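Each remark here refers to the structure printed beneath this line.
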Amino acid sequence: MGFDQDRFLVSVNDGLLCCICRDVLEDPVQGGCEHAYCSPCIHGWLVQQSCCPEDRRDLHETSLRPLSRYMKNDLDSLQIRCKNASAGCQVTCRLEHVTAHEAGCQYDAVECPLMGCSQTMERRSLDEHLTRCQFRRLCPSGCGMPMLSADDIQHSCIAELRQTNDLLRSEMICKLEEQKQDFLSKIVEMNQQHRQEIVALRTTMVELKEVVDVMVSRDRKRSEEIKKIGADKRELTNMLRNFLKQHVLREDTDRPSTSKSKQTSSVV
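Going letter by letter, the sequence shown gives residues 1 to 268 in the UniProt record's numbering.
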């Protein structure tokens with residue numbers, strides 16, 4: 001069976017769904033017809049059938065091959081929720097890392113490994129339980145491993161520590177992947193915010209340009225009006241000067257005639 005589609009953050013392309021269970025491919029293989037299946041699904045199908053369940057072409061186990069590199073990359077990059085999300089785990093990671101995460105997920109239900117104890121709890125509570133479990137016995141060599149049976153006394157402390165180290169490494173990879181996704185999400189959010197600010201600034205610049213254009217147009221019109229007023233003023237000044245000149249000339253012309261009339265009156 002594949003991965004439930006509801007566990008993924010986005011809708012999954014049909015090409016990444018198993019042709020049999022219709023869930024997202026898990027441990028996928030491909031036939032010669034390019035259709036993909038979960039490995040357990042297709043092997044179970046071929047026990048009774050000898051054709052592709054999608055297009056009914058001949059299909060045998062010998063013709064099955066690993067998923068193509070491009071499909072594998074697309075599949076591995078899908079973001080999936082932990083299977084223990086309903087229990088409270090909030091981890092989302094790439095599909096290629098989910099198995100490693102779930103192997104050490106602190107919300108996974110586990111049984112107490114001590115012989116005689118049948119309690120089930122979340123993995124994050126297991127260490128605390130082991131410290132007080134009435135069936136608890138520790139390795140006498142000092143590695144700290146609880147002894148599940150008398151046979152465990154012969155266990156390899158180095159192998160146990162290596163296994164613990166591998167588990168811690170897997171948990172660290174998942175945490176780093178989670179931090180990476182959070183960081184990328186913040187970068188995307190910041191980029192979107194910057195784009196919005198840039199759009200707002202461009203809109204403001206356009207509005208300011210329109211205001212400046214209106215002000216420049218008004219100033220240009222005002223300057224033209226001032227020039228026109230200046231030209232009208234000069235024209236009126238010239239007209240006034242000409243009028244005054246004509247008036248003065250007229251007075252000068254009339255003045256000798258008046259003097260001559262006065263002299264004639266005196267002789268008489």
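By construction, the Cβ of each residue, glycine as well, lies at the ideal position given by its N, Cα and C atoms. Values in this document were obtained by computation on a predicted structure and should not be read as measured data.
Practice task
Under 6 Å Cβ to Cβ from residue 7, same chain only, skipping five residues before and after it: list those, please.
Solution key: 80, 81
Problem - Reference residue 13; option with closest CA among 167, 125, 78, 62 - result: 78
Handout entry: Counted within 10 angstroms of its Cβ, other Cβ atoms place residue 42 as buried (16 or more) or exposed
Key = buried
Practice task
Mind the definition here: the stretch 90–104 touches the stretch 67–77 only if three or more C-beta pairs lie below 8 Å; say whether that holds.
Solution key: yes
Practice task
Pull up the CB-CB distance for residue 59 and residue 50, whole angstroms please, since I reckon it's below 8 Å.
Solution key: 7 Å
Handout entry: Any beta strand (DSSP E) of 3 or more consecutive residues that is wholly inside the UniProt domain "SIAH-type" (77–135)
Key = 79–81, 92–94, 109–111, 120–122
Problem - Identity of the residues DSSP links to residue 200 by a beta bridge - result: Residue 200 is not bridged to any residue.
Problem - Neighbourhood of residue 28 by C-beta distance below 6 Å, restricted to the same chain and skipping five residues each side - result: 36, 67
Practice task
Have a look at residue 171 and residue 205 and give me their C-alpha separation to the nearest angstrom.
Solution key: 51 Å
Exercise for the section: Tell me whether residue 12 sits in a helix, a strand or coil according to DSSP, three-state version. Expected result: coil
Handout entry: Boundaries of the alpha helix (DSSP H) in which residue 41 is found, first to last residue
Key = 39–46
Exercise for the section: Sort out for me which residues DSSP pairs residue 3 with in a bridge. Expected result: 24
Practice task
Measure from the alpha carbon of residue 40 to the alpha carbon of each residue in 1, 32, 209, then state which is nearest.
Solution key: 1
Problem - Close-in-space but distant-in-sequence residues of the same chain around residue 119 (CB under 6 Å, 5 per side omitted) - result: 112
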